[in-house]
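Enquirer: Protein chains in written order, with the working numbering: chain A, 45 to 339; chain B, 28 to 335.
Note that CB positions come from ideal geometry on N, CA and C, so glycine has one too.
All values reported here derive from a predicted model rather than from experimental measurement.
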């Protein structure tokens, strides 16, 4: 447990140091990039001085995650203001994924081989082949611009949340549908399900009480992993919808050569993923008694 | 075994001609309609990429004078420009066709690099126990535990932009998962009897590795490659969509969507068409990959089709 936490911190340190060194191995000067191609050498030099790029390497290393090049404010302060929207969106997205994917997968499993099953599985094949940002753009065009039902992006109330969450939901619901379908089919072939049927239970209660409960365990794993990944920055979707999460912040920082802010967002994102994974490992034994015995 | 059953088994065996593993795999593959469709799709895109200059109606980077309306808006799909024009009056169909080259090349090259590294590390970790294995496994798990898109962005932020950086960034994290799979496979292969037999007749490490272990890994590598390419195509599209991938005026499927996104309301065809093309390429590769997996591993197809 402590070792895992230490491992996460060690990895964060490795990543930050490697990227820091890489920054100097590459012949690209952030000072010159921020000054722009028309700047005189004097201006570029002043910017370099202002950002501390003229200092020796070890001084820069000590300060490099401290202050944003572009905004001139502490990196931590800039990032925490974007965390709230990121968590909101991540939560909405995992709800959308499950709300679309699970019913489709359960119905497919219940009517295996039916027309619904075949069409649904073809559907997952196609949605999983589409880039999620493309689905986002498409929804923006049809629902936002053409029909005018929902705002076309930005941050605000519940209505601003619907389209980005729906885009991610449609894009990844296919995984949920497939996983719950195949897990259910596996379980429905087990002995205890046959026993439950032969007791004369209705098919519906066999499916819900005996099979579905057990089939949800892998889904919880996927949920946790998705939540961690989404909260650490739904980079592209945030860019499409102008959602002020840490993903959008990261892209902006990268595009403007704001190396401290870019690294800061990456490290915070990696920290979120690490912590959520750890939390998941602690939750599993509560859901699955078999894991409790193994400990 | 009772006499009757034994006879039945013998006649069955006689009726079925003996097939080598690869011949059986091939037969399963061509009988699988979905895999066949996927294979044809992949072939289509590969030929399209190779023949791009012959197939494309125009130069992809040429800005046609008649490609924009008098007020400067792009042309919708029509007789002259089959798929319409983009915001600079360039022929969209030609850009998508030439974009096939870039997107496919990025997908294939970085998958080759990623799987090459995976093979090297997986073989080493699986074959040489002790500190080598421990160290390599630690590195594999470290790479796996990090969110790769974030790290790609971190790398892109400090590297110069361009197509080779995209290839590098897309392969630098992709090797870890297949490396672990290769490692597991090597572990199980080296426990088999024919490895002991090879050693017993005096084969050295390199002979055992390359003559006996490596061939066992071929199906695994082929399947992972086929499934890695579409994943890479989607990642390249994401990077290019953020403006961090392939740089203008070069067209890739993702960069066309990136440029079209600015006018998604007035000129939706610019983003819709490359998106549909990406989906058909990705679906083709995935169908072929799934089919190959079933063909190489007969038990998996039983599981998929049989069921309760």
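1. For the stretch 168-175 of chain A against the stretch 304-317 of chain B, are there 3 or more C-beta pairs whose distance is under 8 Å?
2. I'd like the ranges of any alpha helix (DSSP H) spanning at least 4 consecutive residues and lying wholly in the stretch 242-283 of chain A.
3. By DSSP, does residue 302(A) sit in helix, in strand, or in coil?
4. Along the stretch 171-190 of chain A, what residues have a CB closer than 8 Å to any CB found in chain B?
5. What residues match up with residue 95(B) in a beta bridge as DSSP calls it?
6. Excluding the 5 residues preceding and the 5 following residue 298(A) in the sequence, name in chain order all residues of the same chain whose CB lies nearer than 7 Å to its CB.
7. When DSSP labels each residue in this structure, what does residue 84(A) get in the three-state scheme?
8. Report yes or no: do the stretch 133-143 of chain A and the stretch 272-288 of chain A share at least 3 C-beta pairs separated by less than 8 Å?
9. Could you name the residues of the same chain whose beta carbon sits closer than 6 Å to that of residue 182(B), not counting the 5 residues immediately before and after it, in chain order?
10. Which residue comes first and which comes last in the alpha helix (DSSP H) that contains residue 286(B)?
11. Straight-line CA distance for residue 192(B) to residue 209(B)?
12. May I ask which residues mark the beginning and end of the alpha helix (DSSP H) holding residue 265(B)?
13. Return the residues of the stretch 252-286 of chain A that lie within a Cβ-Cβ distance of less than 9 Å from chain B, sorted by chain order.
14. Tell me, which residues are paired with residue 127(B) by DSSP?
15. Looking only at its chain, what residues have a beta carbon closer than 7 Å to the beta carbon of residue 246(B), apart from the 5 residues adjacent to it on each side?
16. Please report the Cβ distance between residue 278(A) and residue 289(A), rounded to the nearest whole angstrom; I am assuming they are in contact, meaning their Cβ atoms lie under 8 Å.
17. Using a C-beta cutoff of 8 Å, does residue 313(A) count as contacting chain B?
18. Does residue 235(A) come out as helix, strand or coil in the three-state DSSP assignment?
19. Quick one: give me the first and last residue of the alpha helix (DSSP H) that residue 207(B) is part of.
20. Near residue 71(B), what residues of its chain come up, given a Cβ to Cβ distance below 8 Å and the 5 sequence neighbours on each side ignored?
21. Does the Cβ of residue 156(B) have 16 or more other Cβ atoms within 10 Å, making it buried, or fewer, making it exposed?
22. In the DSSP assignment, find the unbroken alpha helix (DSSP H) run with residue 80(B) in it and report its ends.
23. What first and last residue would you give for the alpha helix (DSSP H) that runs through residue 160(B)?
24. In the DSSP output, what is residue 112(B) paired with across the bridge?
25. Of all the CB atoms in chain A, is at least one closer than 8 Å to the CB of residue 204(B)?
26. Have a look at 272(B), 143(B), 98(B), 57(B) and flag the residue whose alpha-carbon is nearest the alpha-carbon of residue 204(B).
27. Using the C-alpha atoms, what's the distance from residue 171(B) back to residue 264(A)?
28. What residues of chain B sit near residue 6(A), judged by a beta carbon separation below 7 Å?
29. Please list the terminal residues of the continuous alpha helix (DSSP H) segment that includes residue 307(B).
30. Indicate whether the contact test is met: 3 or more Cβ pairs, each with one atom in the stretch 87-100 of chain B and one in the stretch 111-129 of chain B, closer than 8 Å.
31. Would you report the Cα separation of residue 66(B) and residue 321(B), rounded to the nearest angstrom?
32. Taking contact to mean 3 or more Cβ pairs, one atom from each stretch, closer than 8 Å, check whether the stretch 255-266 of chain B and the stretch 226-245 of chain B are in contact.
33. Excluding the five sequence neighbours on either side, which residues of its own chain have a C-beta within less than 7 Å of the C-beta of residue 165(B), listed in chain order?
34. Starting from the C-beta of residue 130(B), find all residues in its chain whose C-beta is less than 8 Å away, skip the five residues before and the five after it, and write them out in chain order.
35. Taking residue 313(A) as the reference, give the member of 322(A), 127(A), 118(A), 329(A) with the closest Cα.
36. Compute the Euclidean distance between the alpha carbons of residue 130(A) and residue 205(A), then round it to the nearest angstrom.
Expert: In terms of the structure at hand:
1. yes
2. Within the stretch 242-283 of chain A, complete alpha helix (DSSP H) segments of at least 4 residues are found at 257-275, given in chain order.
3. coil
4. 172, 173, 174, 175, 177, 178, 181, 182, 184, 185, 189
5. 101(B)
6. Cβ neighbours of residue 298(A) beyond the five flanking positions: 306.
7. coil
8. yes
9. 196
10. 280-288
11. 26 Å
12. 241-268
13. 272, 273, 276, 277, 279, 280, 283, 284
14. None, per the DSSP bridge assignment.
15. Within the same chain, 323 come within 7 Å of residue 246(B) by CB-CB distance, once the 5 residues on both sides are set aside.
16. Their Cβ separation, rounded to whole angstroms, is 6 Å, which keeps residue 278(A) and residue 289(A) in contact under 8 Å.
17. Yes, its Cβ sits closer than 8 Å to a Cβ of chain B.
18. Reduced to three states, the DSSP call for residue 235(A) is helix.
19. 203-217
20. 311
21. exposed
22. 79-82
23. 158-171
24. 118(B)
25. Chain A, which has no Cβ nearer than 8 Å to the Cβ of residue 204(B), makes this no.
26. 143(B)
27. 20 Å
28. Lying outside 45 to 339, the shown extent of chain A, residue 6(A) is not represented and no answer is given.
29. 296-323
30. yes
31. 14 Å
32. no
33. none
34. 260, 263, 264, 279, 280, 281, 305, 308
35. 127(A)
36. 11 Å
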